[in-house]
Amino acid sequence: MGDEFRSSGDLPWARKFYQAAQDRGSAKATVALAQTYDPRYVDNQHHPDPAMARQLYTEAARHGDSSAAKQLQGLDRWLEDSH
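Residue 116 in our numbering sits at position 83 of the sequence shown, with consecutive numbering throughout.
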C-alpha cells in the first residue's frame with residue numbers, strides 16, 4: 034500500500050504505511066521509509082530530510098537489510114558532492 038501512495042506522489046500516506054510496517058519489524062519498509070526522506074528520491078516539495086534518511090538507513094542495515102548500507106553510502110556521497 035505504501036508503494037502505491039508513493040507512486041502517486043502522496044508521501045505523507047506512504048510514510049504512514051511504511052512506518053506501520055517498520056513498527057512490525059520490516060527492514061525493507063524501513064528502507065522504503067528512508068527513501069521518502071532521501072533528497073536523491075524526493076523533491077523539496079516533499080520535504081526531504083537527509084538526517085532522517087540516514088538514521089533510517091542505519092537502522093535498516095542493523096536489522097539486516099543488505100541494500101541499506103549501499104543506500105547509506107550513496108546518500109553520504111551525494112551529501113558530500115552537494116556541499
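The beta carbon of each residue, even a glycine, is placed where N, CA and C say it ideally should be.
The structure presented is a predicted model; accordingly, all values stated were derived computationally and were not measured.
Comparing C-alpha positions only, which one of the options sits nearest to residue i?
i, options, result
"Q68", "A102, G58, R57", "A102"
"L66", "Q78, N77, F50", "F50"
"P45", "D56, R57, V75, K61", "V75"
What does the alpha-carbon distance come out to for the pair residue i and residue j?
i, j, result
"A54", "G35", "9 Å"
"H80", "S59", "23 Å"
"Y90", "D82", "12 Å"
"D56", "Q88", "15 Å"
"Q78", "S40", "15 Å"
"K61", "G97", "9 Å"
"D109", "S100", "14 Å"
"F38", "Q104", "21 Å"
Should residue i and residue j be called a contact, given that it needs their Cβ atoms to be closer than 8 Å?
i, j, result
"V64", "A84", "no"
"D71", "A47", "no"
"G42", "R73", "no"
Whole runs of the alpha helix (DSSP H) within the segment 43-112, excluding any shorter than 4 residues: 44-56, 60-68, 83-95
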